[in-house]
Amino acid sequence: MVIDLRLLREDPDRVRASQRARGEDVDLVDALLAADERRRSSGSRFDELRAEQKRLGRLIPRAEGDERAALLARAGELAAGVKAADAERDEADATAQELLLRLGNPVHPDVPVGGEDDYVVRETHGTIRDFDAEGFPALDHLELGTRLGAIDVERGAKVSGSRFYYLTGVGALLELALVNAAIARAVAAGFTPMLTPALVKPRAMEGTGFLGQAADDVYHLEKDDAYLVGTSEVPLAAYHMDEILPAERLPLRYAGFSPCFRREAGSYGKDTRGIFRVHQFDKVEMFCFVAPEEAEAEHERLLGWEKEWLTALELPFRVIDVASGDLGASATRKYDCEAWIPTQGKYRELTSASNCTEFQARRLRVRMREGKTTRPLATLNGTLCAVPRTIVALLENHQLAGGAVRVPEVLRPYLGGREVLEPGDHGSDPAAGATGS
RNA sequence: GGAGGCUUCGCCUAGUCUGGUCUAUGGCGCCGCACUGCUAAUGCGGUUUGGGGUAACCCCCCAUCCCGGGUUCAAAUCCCGGAGCCUCCGCCA
Numbered sequence: 000m001v002i003d004l005r006l007l008r009e010d011p012d013r014v015r016a017s018q019r020a021r022g023e024d025v026d027l028v029d030a031l032l033a034a035d036e037r038r039r040s041s042g043s044r045f046d047e048l049r050a051e052q053k054r055l056g057r058l059i060p061r062a063e064g065d066e067r068a069a070l071l072a073r074a075g076e077l078a079a080g081v082k083a084a085d086a087e088r089d090e091a092d093a094t095a096q097e098l099l100l101r102l103g104n105p106v107h108p109d110v111p112v113g114g115e116d117d118y119v120v121r122e123t124h125g126t127i128r129d130f131d132a133e134g135f136p137a138l139d140h141l142e143l144g145t146r147l148g149a150i151d152v153e154r155g156a157k158v159s160g161s162r163f164y165y166l167t168g169v170g171a172l173l174e175l176a177l178v179n180a181a182i183a184r185a186v187a188a189g190f191t192p193m194l195t196p197a198l199v200k201p202r203a204m205e206g207t208g209f210l211g212q213a214a215d216d217v218y219h220l221e222k223d224d225a226y227l228v229g230t231s232e233v234p235l236a237a238y239h240m241d242e243i244l245p246a247e248r249l250p251l252r253y254a255g256f257s258p259c260f261r262r263e264a265g266s267y268g269k270d271t272r273g274i275f276r277v278h279q280f281d282k283v284e285m286f287c288f289v290a291p292e293e294a295e296a297e298h299e300r301l302l303g304w305e306k307e308w309l310t311a312l313e314l315p316f317r318v319i320d321v322a323s324g325d326l327g328a329s330a331t332r333k334y335d336c337e338a339w340i341p342t343q344g345k346y347r348e349l350t351s352a353s354n355c356t357e358f359q360a361r362r363l364r365v366r367m368r369e370g371k372t373t374r375p376l377a378t379l380n381g382t383l384c385a386v387p388r389t390i391v392a393l394l395e396n397h398q399l400a401g402g403a404v405r406v407p408e409v410l411r412p413y414l415g416g417r418e419v420l421e422p423g424d425h426g427s428d429p430a431a432g433a434t435g436s
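Counting from 0, one number per residue, gives the positions in the first sequence under numbering that gives the first Met the number 0.
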């Protein structure tokens with residue numbers, strides 16, 4: 000049973016306050032405490048009866064005649080009692096477990112309280128271009144992508160439905176360039192690159208906190224009782240499931256690359272144009288296992304790597320401290336990097352760094368051993384590069400008059416040296432064209 | 001998809017047929033102590049994990065032999081279901 004209710008028992012008011020800040024059910028806390036109490040009392044009754052049962056079990060084989068009959072009679076009573084206590088404990092366990100799934104990680108005290116719009120802007124970077132001054136109107140990413148032969152949403156919809164797309168020609172090259180550049184940077188920063196499964200068992204999904212409030216957004220394959228991951232955070236967190244890691248091996252840092260699947264339930268009519276919000280995309284994700292006391296510092300480091308990446312892509316962006324009501328279930332605090340999208344006239348989320356403290360580690364039973372003691376560790380995750388959104392930001396921010404797009408220097412080595420993407424480039428190797436071969 | 005074999009406390013392993021001091025054997029590794037110019041060797045002790053009792057330590061209780069059910073007074077052991085690994089066959093990028 001993957002339950003740890005220590006914080007709840009010790010400081011229920013803090014958990015209540017957290018639920019309130021998240022805009023979630025506060026009564027849940029009392030229901031959980033009640034289930035926990037039932038679980039404990041039936042558990043200790045079970046333990047006592049079982050102890051007596053064991054004692055009898057040792058006497059019976061040696062007893063004879065009337066004595067043996069009496070012992071067997073008592074043992075029969077005990078068996079019934081043990082069974083009842085066991086059933087009651089199981090029921091309380093299941094109830095507690097089910098309630099616990101709906102309880103989010105207690106929010107960090109410095110997190111701004113409120114909903115989606117109550118974030119606090121931490122910092123702003125880069126310069127927003129003034130297209131009026133430059134003398135041409137900014138085209139949106141879909142217009143640019145279509146002209147470049149990079150994005151095909153019509154055929155995506157024809158084949159798979161709305162919110163699906165093809166990346167074609169230089170669009171496909173652009174994704175591969177982004178992924179390669181991002182992985183190279185992560186590796187240089189000390190991350191171990193990982194290609195992860197996209198299909199996981201319920202345990203992994205549940206343990207990372209995606210089957211609570213976020214369950215509607217997850218694809219489930221009923222026939223196999225398997226889930227399509229919405230991020231490689233899931234298989235990365237579960238990678239060390241049920242393991243005890245020596246403290247001296249920490250921090251463990253992984254850079255995962257995987258497709259991500261999201262139902263986008265409840266976002267009808269939102270971002271319907273282009274590839275900003277889609278059902279399937281690829282993403283490079285950073286994931287860290289650290290000692291709990293290191294978690295906040297690691298959170299800052301994750302944010303730092305994200306900022307360096309966006310800066311290297313020459314994108315104007317800002318960092319927000321996400322408000323309590325907009326945190327995922329697993330995060331105690333979350334920083335989003337939002338890039339400026341010229342045609343929308345606003346900043347939009349490109350990356351997100353979450354400190355999950357011990358929330359996921361407890362559920363997945365990932366622990367650290369330090370000397371003699373074993374305790375849960377902390378997990379953190381941060382986007383390095385979510386491909387479609389990054390493409391949106393790149394196309395729009397780096398567009399030139401006439402629909403061409405300047406390639407930031409970091410990506411050029413990964414794009415056959417191209418400095419500009421231009422309509423008519425079908426993605427073949429420019430060097431091959433130049434030599435006429 | 002079909003057939004068979006396997007899964008024991010870090011690793012290896014005894015135990016399962018024939019249910020009951022299994023409170024799970026031994027080896028390796030690891031930790032501590034002793035001995036020893038150093039190292040090595042040797043000896044002794046310790047070494048699954050989770051929950052509970054306790055202010056805490058020692059210690060005590062319960063669970064845990066892949067997981068979940070069942071039979072039984074009693075399950076590592078018997079029965080059913082599932083998972084994982086391996087071998088062979090079929091199919092396949």
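Built from N, CA and C at the ideal position, the CB exists for glycine as well.
Tell me the rounded alpha-carbon separation between residue i and residue j.
| i | j | result |
| --- | --- | --- |
| Q96 | A79 | 26 angstroms |
| E263 | S427 | 34 angstroms |
| T94 | F260 | 30 angstroms |
| G401 | L143 | 9 angstroms |
| A50 | R362 | 30 angstroms |
| P11 | E247 | 33 angstroms |
| R162 | H298 | 32 angstroms |
| K306 | P315 | 10 angstroms |
| Y413 | G22 | 45 angstroms |
| W304 | L383 | 8 angstroms |
| G189 | T372 | 28 angstroms |
| G113 | F256 | 33 angstroms |
| R146 | R101 | 46 angstroms |
| S43 | P60 | 27 angstroms |
| E395 | P341 | 6 angstroms |
| R360 | R57 | Here the sequence assigns Ala to residue 360, which means Arg is not the residue at that position. Approximately 40 angstroms between the Cα atoms of the pair. |
| D109 | D320 | 9 angstroms |
| S165 | D223 | Sequence inspection shows Tyr at residue 165; the Ser mentioned does not correspond to that position. Straight-line Cα distance between these residues: approximately 28 angstroms. |
| A68 | L77 | 14 angstroms |
| E63 | A33 | 46 angstroms |
| A185 | L301 | 11 angstroms |
| A403 | H397 | 9 angstroms |
Any idea what DSSP makes of residue i, helix, strand or coil?
| i | result |
| --- | --- |
| A236 | helix |
| A254 | strand |
| E291 | At residue 291 the sequence reads Pro, which differs from the Glu that was named. It is helical. |
| H140 | helix |
| E337 | strand |
| Y118 | coil |
| K345 | strand |
| A50 | helix |
| S41 | helix |
| L414 | coil |
| P375 | strand |
| F260 | strand |
| S353 | strand |
| R332 | strand |
| L166 | strand |
| I150 | strand |
| P11 | helix |
| A62 | coil |
Whole-angstrom Cβ separation of residue i and residue j, contact assumed at under 8 angstroms?
| i | j | result |
| --- | --- | --- |
| E232 | N380 | 4 angstroms |
| V406 | V419 | 6 angstroms |
| F288 | L249 | 6 angstroms |
| G208 | S351 | 14 angstroms between Cβ atoms; not a contact. |
Going by DSSP, which residues form a beta bridge with residue i?
| i | result |
| --- | --- |
| R405 | V419 |
| P245 | R368 |
| H219 | Y226 |
| L363 | According to DSSP, which records beta bridges pairwise, L363 is partnered with nothing at all. |
| T123 | R317 |
| G381 | M285, A352 |
| Q398 | V404 |
Beta strand (DSSP E) runs wholly inside the segment 279–326, at least 3 long, in chain order:
Counting whole runs of 3 or more residues, the segment 279–326 contains the beta strand (DSSP E) stretches 279–289, 316–320.
Of all the alpha helix (DSSP H) runs that stay within the bounds of the segment 177–206, which reach a length of 4 or more residues?
Entirely contained in the segment 177–206, the alpha helix (DSSP H) runs reaching 4 residues are, in chain order, 201–206.
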